[in-house]
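Residue numbers (this note's numbering): 55 to 333.
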């Protein structure tokens, strides 16, 4: 599949594919190493009229129904400014955004520190709460809980994803010292997705992520059928430097028709990857 960068004519206008010349400038060179939106993608912002929540959709996840891209970045807004309550200002916060930069989730770290890495990528357990909108300005509806254990010192990492008291799924980092691999299971423990990343280096016989291009291919549980991608660096997003910056943006592409639970699991996987690739 060919890929091209895309450039919107206005900040909130639909994104259309445009050809891009490569190798002629520093900016073009930087774009070559970035994940790009794919040629022919029809990117639409869901509204209450075209985003119909399926009967089995967990509360708060309906906004994912009509999306095929979501982006995640660390937020430096105040807790009050993000419309959430009950958390200290020192809490690490994240935003989940659409391709237009519209905020659909706010994520608050309640335990641990994803961004604080120890020697050889070892980390401490972390807990996250994902909030969806309860009204136009407030994020009070608890949509997901994520419990994570970053890998390090030869120990693979994992996260468990819940909505309410129900288990949604689990993500395990595979014990592979040559490539970064992840396996996503559903609530029944069945492998539903596999993620294959770049080659990794070693540090005292312990895995250490040391690649510059953080791109991961997503496959169905058979490991053969390609269904999406996860990447840290993206091009072709709206030209809004306050929303999308090369240093702190992670994104995921999945089929628009996918079950929202699979979309939410892929979105949650980014936090485990973020603990492996803090910079």
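Backbone N, C-alpha and C define an ideal beta-carbon position, used for all residues, glycine too.
Just so we're clear, the structure is a prediction, and the values are computed from it rather than from any experiment.
(message) By DSSP's criteria, residue 160 is part of a beta bridge. Which residues make up the other side?
(response) 149 and 185
(request) Pick helix, strand or coil for residue 116, following the three-state DSSP scheme. (result) helix
(request) Kindly indicate the opening and closing residues of the beta strand (DSSP E) around residue 203. (result) 195-203
(message) By DSSP's criteria, residue 315 is part of a beta bridge. Which residues make up the other side?
(response) According to DSSP, which records beta bridges pairwise, residue 315 is partnered with nothing at all.
(request) List the residues that DSSP assigns as beta-bridge partners of residue 305. (result) 125 and 285
(request) Name the residue from 309, 268 and 303 whose alpha carbon lies nearest to the alpha carbon of residue 280. (result) 309
(message) Quick check: the Cα distance between residue 101 and residue 321, rounded to an integer number of angstroms?
(response) Bear in mind that the predicted position of residue 101 carries a pLDDT of just 42, short of 50, making it too unreliable to give a figure here.
(request) Spell out the partners DSSP gives residue 165 in its beta bridges. (result) 181
(request) Check each candidate in 315, 313 and 284 and name the one with the smallest Cα separation from residue 324. (result) 284
(request) Can you check DSSP and say which residues form a bridge with residue 270? (result) 284
(message) In this structure, how does DSSP classify residue 323 when only helix, strand and coil are distinguished?
(response) helix
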